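Residues 73 to 243 in our numbering are what the sequence shown spells out, letter by letter.
Cβ coordinates follow ideal geometry from the N, Cα and C atoms, glycine included.
Quick caveat, the model's predicted, so the values are computed rather than measured.
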Amino acid sequence: MTELQWDWLREGFQRPARRFTKASDGLQQPRKAHLTKILPNVTGLRSDEQLRQFLGSSRSNTVCINFGSSWCAHCHALLPHFLALTKQFPRIKYALAQVDYMDEGTRGITYTPTFAIYKRGRKVDQFFGANPQQIRDHLWLASQEVPAAAAAAAAAMGPTRDAAASVLPRR
């Protein structure tokens, strides 16, 4: 089994008791543009350029990005669960993005950890929280492929009625 690169994750860690300072004020984005492989199907992202590069190379795949920070205790506690989920859904590509170093890529992210799911280069889902079951549910939904014929047939049918009304008898 591949050993995790924990030093990469812990670099820049600050104790939560300290007053928070915006990282981009004092930290420069990493110079290296190559992507760091944390596990075979998990990539580490530390800059906007790396995020763009990762999303560009993953346009044909489903992608889940875990936006976290070095000072977030929930992010650290959730990491083993997240890595276990990457093995349950191997067809999805994963990334751990550190928001400490990003500016553009973190617009719209107000909490950590936040998860974003992309399909064919478009964001289809975004949620936050440290609940492993919630993450598993979203990954399961993202891993389901709807056949093109079924999607076209559903679109042709137009709006559907309430599911309960079509199954339950009227009183």
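Spatial neighbours of residue i within its chain, please: CB distance less than 7 Å, with the 5 preceding and 5 following residues excluded, ordered by chain position.
| i | result |
| --- | --- |
| Thr-178 | Phe-139, Val-171 |
| Gly-201 | none |
So what does DSSP say about residue i, is it helix, strand or coil?
| i | result |
| --- | --- |
| Gln-170 | strand |
| Phe-161 | coil |
| Leu-150 | helix |
| Leu-240 | Note that Leu-240 scores 43 on pLDDT, short of 50, meaning its location in the model is unreliable; the coordinates nonetheless yield the value given after this. Three-state result, Leu-240: coil. |
| Asp-209 | helix |
| Glu-217 | coil |
| Gly-177 | helix |
Taking the alpha helix (DSSP H) that residue i belongs to, which residues open and close that run?
| i | result |
| --- | --- |
| Leu-123 | 120-129 |
| Ile-137 | Premise fails: Ile-137 lies in the beta strand (DSSP E), 134-140, not in any alpha helix (DSSP H). |
Can you pull the DSSP bridge partners for residue i?
| i | result |
| --- | --- |
| Arg-194 | Lys-191 |
| Gly-116 | Thr-108, Leu-168 |
| Thr-186 | Phe-139, Phe-200 |
Identify, in the order they occur along the chain, each residue of the same chain with its Cβ nearer than 6 Å to the Cβ of residue i, setting aside the five sequence neighbours on each side.
| i | result |
| --- | --- |
| Ile-181 | Phe-139 |
| Gln-198 | Ala-188 |
| Pro-204 | His-153 |
| Cys-144 | Thr-184 |
| Gly-116 | Trp-80, Thr-108, Ile-110, Leu-168 |
Looking only at its chain, what residues have a beta carbon closer than 8 Å to the beta carbon of residue i, apart from the 5 residues adjacent to it on each side?
| i | result |
| --- | --- |
| Val-114 | Leu-155, Thr-158, Tyr-166, Ala-167, Leu-168 |
| Gln-206 | Phe-199 |
| Pro-162 | Asn-113 |
| Val-196 | Ile-189, Tyr-190, Ala-214 |
Count Cβ pairs between the segment 118-131 and the segment 199-217 that sit closer than 8 Å; are there 3 or more? no
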